[in-house]
Amino acid sequence: MAEEILRAEHISKRFGGVIALDAVSLSIHKGETCCLVGENGSGKSTMIKIISGVYTPDEGDIYINGHHYKRLTPIEAIREGIQVIYQDFSLFPNLTVAENIAINEQLASGKQSVNWKEIYEIAKEGLAKINVSLPLDAVVETLPTADRQLIAIIKALLAKARIIIMDEPTTALTQREVQALFRVINELKEQGLSILFVSHKLNEVVEIADRTVIFRNGQKVLDQEARGLDIGTMAFCMTGRKLDTSAIVFSEVEEAAAPLLRVENLTLAHGFFDVSFELKPKEVLGITGLLGSGRTELALSLFGVLPADSGRIYIEGNEAKIRSISDAARYGVGYVPEDRVREGLFLEQPIGDNVIVTLIDRLVTKLRLLNSKAKKEEADRWIKQLEVKTPSGELPAKSLSGGNQQRVVLAKWVARSPKILILNGPTVGVDVGSKAEIHELIRNLAGQGMGILLISDDIPELIQTCHRILLMRAGRIVKEFQREEITEQALNAELVASATTNAP
Amino acid sequence: MTIRDTSDKATNSVSGRVLSRIRAHSDTLQLFGVLVVLFIFFSVTEDKFLTTRSITSMGFQLPELGVLSLAMMITILTGGIDLSVNATSNMAAVLAGLFMVKFIPKEAGEAQIVLYLGGALLVALLVGWISGTFNGLLIGYVGVPPILATLATMTLYTGISVGLTGGTTVTGFPKQLSVIGAQTLGGIPIPFIVFVALTILTHIFIYHTAFGFKARMLGSNPTASDFSGVNNRSVLLKVYMFSGVLSAVTGILIMGRTMSAAYEYGTTTYVLLAILISVLANIIPGFGRILDVFIAVLILQVLSTGFHMFLAGVRGSSFFKDFAWGVLLILIFIANYFIRGRRYQG
Chain A
403 MAEEILRAEH
413 ISKRFGGVIA
423 LDAVSLSIHK
433 GETCCLVGEN
443 GSGKSTMIKI
453 ISGVYTPDEG
463 DIYINGHHYK
473 RLTPIEAIRE
483 GIQVIYQDFS
493 LFPNLTVAEN
503 IAINEQLASG
513 KQSVNWKEIY
523 EIAKEGLAKI
533 NVSLPLDAVV
543 ETLPTADRQL
553 IAIIKALLAK
563 ARIIIMDEPT
573 TALTQREVQA
583 LFRVINELKE
593 QGLSILFVSH
603 KLNEVVEIAD
613 RTVIFRNGQK
623 VLDQEARGLD
633 IGTMAFCMTG
643 RKLDTSAIVF
653 SEVEEAAAPL
663 LRVENLTLAH
673 GFFDVSFELK
683 PKEVLGITGL
693 LGSGRTELAL
703 SLFGVLPADS
713 GRIYIEGNEA
723 KIRSISDAAR
733 YGVGYVPEDR
743 VREGLFLEQP
753 IGDNVIVTLI
763 DRLVTKLRLL
773 NSKAKKEEAD
783 RWIKQLEVKT
793 PSGELPAKSL
803 SGGNQQRVVL
813 AKWVARSPKI
823 LILNGPTVGV
833 DVGSKAEIHE
843 LIRNLAGQGM
853 GILLISDDIP
863 ELIQTCHRIL
873 LMRAGRIVKE
883 FQREEITEQA
893 LNAELVASAT
903 TNAP
Chain B
5 MTIRDTSDKA
15 TNSVSGRVLS
25 RIRAHSDTLQ
35 LFGVLVVLFI
45 FFSVTEDKFL
55 TTRSITSMGF
65 QLPELGVLSL
75 AMMITILTGG
85 IDLSVNATSN
95 MAAVLAGLFM
105 VKFIPKEAGE
115 AQIVLYLGGA
125 LLVALLVGWI
135 SGTFNGLLIG
145 YVGVPPILAT
155 LATMTLYTGI
165 SVGLTGGTTV
175 TGFPKQLSVI
185 GAQTLGGIPI
195 PFIVFVALTI
205 LTHIFIYHTA
215 FGFKARMLGS
225 NPTASDFSGV
235 NNRSVLLKVY
245 MFSGVLSAVT
255 GILIMGRTMS
265 AAYEYGTTTY
275 VLLAILISVL
285 ANIIPGFGRI
295 LDVFIAVLIL
305 QVLSTGFHMF
315 LAGVRGSSFF
325 KDFAWGVLLI
335 LIFIANYFIR
345 GRRYQG
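Line order of the protein sequences matches chains A and B.
Quick note: the first sequence uses this note's numbering, first residue 403, plus one each step.
Quick note: the second sequence uses this note's numbering, first residue 5, plus one each step.
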């Protein structure tokens, strides 16, 4: 095995009464990609913060390049070549690519004047290091996430990084951009750098890892060569539960029944064109496609946020004019948004109030005053029904984990007993264990008679929940998969085909 | 970060919940403490402070600012602000005043005057409702940021009052009007009773109606309330209407106490004080306790009365009265920052 450049030994860290890490060891070798995997709250973020000097461990030792540290400061970590690329990249959005790349060196040189020639040289040198080209004069905020990530990587390299830690680097990337990132990672590896890749997307881990480390509840449960390690084993290690896809019970779609929702030639300029489909009771209909394929616009149109320009929508056979969210709610359409923090939740408000916000007009007494007893009963009922894990509905929604926050957003609409529920990326940023539970919840809701439109580009998710899947490309429905045709390979092939045809 | 993590964990435990309950009420206790300290301080240092006369006069004065603060706080609760509150009260008073001066016949009997008086009050409330509606339309439907919309309407409403009166003070109201502004009921000034009643009413509106619930949710996250099927526009419209009507009540109280109406009554100071009261009461979008606003109003009144008694003893003080009051207000902002800011950053 290659030379070990970082070793964290028997690290323990407590926050109040909670043990975040319990005597965990981690080592990173030269030129390897080590994947650190774990559910939310497993301690992986705490570990990153300890080896980058942000937190001081309560117990344990850190060895970097042979130097022993009991307490590591952020400055010492940087000096030892440890660079963390956080999800927000810490760039200056209003400066150009060249300025962002060169800024650290410029500041360090202590010069008072700006030497543009030098800035461009540094920037070009940086781009050459990972063999990519970016427009040097472009303002960073106008660039896609993937390009901003590359800039952050280049900055890390110019700061003489030896270990680059990437915290959930693929969260906001498309399939194609993920592949581009992996090429860069492999390039870095060849140059002798080490990568600590933190993620809970297991298919990516399988693809990129040389070695896989899995944390669960503050303990290390697996640390081995990635070769031969499959997704099932990893998922089991992460959650401590066996995920069995074969035992999934799908609800029986009422094929004979009249469609709950029928969409005819729906069109929205710059969104989607001539979209027609039907949704039956108890059916989960998947809508997939890449970002920009029009899938989100279609969902927002059906929910009244972006009313369609032409075409018709029928709900239970009657034409529905959906021009606003209140219209959609009146017709019995619910929507669980993709960005739950911005669009779905009132983070500071009590969990219970988050749930009943869609019902509030019904929870009044004869005097039109709020019925606080009914309010509490409804809130508690839905919190229980959707198994939101919280000691009290009075705590703020921000106290919940991602998966439980998503349940609250679901509860909010399920409480109104909608006929049609649109779910846009229902498990984005949710860990594997909660993901499976949310999938089961979706199947159960369909079983109760609801029609569900599930918008997602997460292929395993589509497979585990959908009866039928529509594939969108450039605003049009281009393919329909029946239940028996749905396989990972078939979906993947079509999505990749979309990627190449969409390419500029 | 470390501190934040532990406190989040703590709220999940039972003892944590009890603690956070106490913390939730500690704002009120703290404000009450400040009130008591200031009251005792001025009672000791100023001989005239703790007299029936000064207490009653405070009871007559503070409801104006108090009702105006309620009008301000409900807009802040939704993430907005209403800078036009004082301009609205003056416009409402001026129009109601002109109504009385123009229409009450000289030979009118007692009953007739009372009838006209009722009409004048309705005029004032209607003016407040219309100006609030205009603010609400600008903010909710046109999408003008509240601070700009109400800054513009503040100028507009003041302009209307100036235009209607030619910049003069409207006087010559029937003496029955003073019932509202200068008389007591069982020893308690009537304006104070009105203030207490409106405080309770506002509390019920904000915490015990679906409308108030939506307004608070909207303040917390307008995008999420929109996506939850709340009609943001209509909620904002109603909030500013409510604010306009409360402002008009302030106008009526001022008119009843001074027996006059003018475009310039309380300008700038009242708006600033109303904002200051919301800051002291820690009103933030989505959250706020109406009781805290009530106590903050009492604090400001005690401070103002005590301060003016103190200055009255200083020779030539009238020259730097505004200056000193300004300095004092800034000191309150700073003190509040250190007491509150510290705690919330932790």
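By construction, the Cβ of each residue, glycine as well, lies at the ideal position given by its N, Cα and C atoms.
These numbers come from a predicted model, not from an experiment.
- Taking L474(A) as the centre and dropping the five residues before and after it, the same chain places the C-beta of G455, I464 closer than 6 Å to its C-beta, in chain order.
- Residues of the segment 226 to 252 of chain B that bring their beta carbon within less than 9 Å of a beta carbon in chain A comprise T227, A228, S229, D230, F231, S232, G233, V234, N235, in sequence order.
- Counting along the chain, the unbroken beta strand (DSSP E) around S414(A) starts and ends at 406 to 417.
- Between the beta-carbon of M852(A) and that of K821(A) there is about 7 Å, and that keeps the pair under the 8 Å contact cut.
- For R870(A), the three-state secondary structure derived from DSSP is strand.
- With 16 or more neighbouring CB atoms inside 10 Å of its own CB, T760(A) falls in the buried class.
- Within the segment 747 to 773 of chain A, contact with chain B at the beta-carbon level (separation under 8 Å) is assigned to L747, F748, L749, E750, Q751, D755, V759, T760, I762, D763, L765, V766, R770, L771, L772.
- With respect to I566(A), N605(A) sits apart: the two C-beta atoms are not nearer than 9 Å.
- By the criterion of a C-beta distance shorter than 7 Å, L631(A) is surrounded in its chain by T614, once the five residues flanking it on both sides are discounted.
- As the crow flies, the alpha-carbon of F138(B) is around 17 Å from that of I78(B).
- One alpha carbon belongs to S282(B), the other to I80(B), and they sit about 8 Å apart.
- Within 8 Å of the CB of M221(B), the CB atoms of chain A belong to F748, Q751, D755, V759, in sequence order along the chain.
- Per the DSSP secondary-structure output, Y465(A) pairs in a beta bridge with R409(A), H470(A).
- Take G746(A), set aside five residues on each side of it, and the residues of its chain with a beta-carbon closer than 6 Å to its own are P739, V811, in chain order.
- According to DSSP, residue pairing for G144(B) in a beta bridge does not occur.
- Rounded to the nearest angstrom, the gap between the Cα atoms of D549(A) and F675(A) is 30 Å.
- Runs of the alpha helix (DSSP H) spanning 4 or more residues and lying entirely within the segment 540 to 588 of chain A occur at 547 to 560, in chain order.
- Among the CB atoms of chain B, one or more fall inside 9 Å of the CB of V707(A).
- Secondary structure note for N846(A): it is in no beta strand (DSSP E), and the uninterrupted alpha helix (DSSP H) holding it is 834 to 849.
- Beta-bridge pairing by DSSP links K881(A) to L873(A).
- T573(A) sits close to G831(A), with the two beta carbons spaced by under 9 Å.
- Under DSSP, the beta-bridge partners assigned to D625(A) are V615(A).
- With respect to chain A, the C-beta atom of I78(B) has no partner C-beta closer than 9 Å.
- If you draw a straight line from the Cα of T173(B) to the Cα of A265(B), it is about 6 Å long.
- One Cα belongs to F491(A), the other to V318(B), and the distance between them is close to 60 Å.
- Between the alpha carbons of L35(B) and E779(A) lies a distance of about 34 Å.
- When Cβ pairs closer than 8 Å are counted between the two stretches, the segment 57 to 67 of chain B is seen not to touch the segment 267 to 275 of chain B, the count staying below three.
- The beta carbon of G290(B) sits closer than 9 Å to some beta carbon of chain A.
- In terms of beta-carbon proximity, S282(B) stays away from the interface with chain A, with every pair separated by 9 Å or more.
- For the segment 165 to 177 of chain B, there are no residues whose beta carbon sits under 9 Å from a beta carbon of chain A.
- Pairwise C-beta distances place the segment 119 to 130 of chain B out of contact with the segment 188 to 199 of chain B, as fewer than three of them are shorter than 8 Å.
- DSSP assignment within the segment 204 to 256 of chain B yields no whole beta strand (DSSP E) run of 3 residues or more.
- Among the residues facing chain B, I854(A) is not included, as its CB has no counterpart in that chain under 9 Å away.
- The secondary-structure analysis by DSSP pairs P193(B) across a beta bridge with T188(B).
- Per the coordinates, the alpha-carbon of Y737(A) lies some 13 Å from the alpha-carbon of I724(A).
- Within chain B, the residues placing a beta-carbon under 9 Å from that of I727(A) are D230, F231, S232, G233, V234, N235, ordered along the chain.
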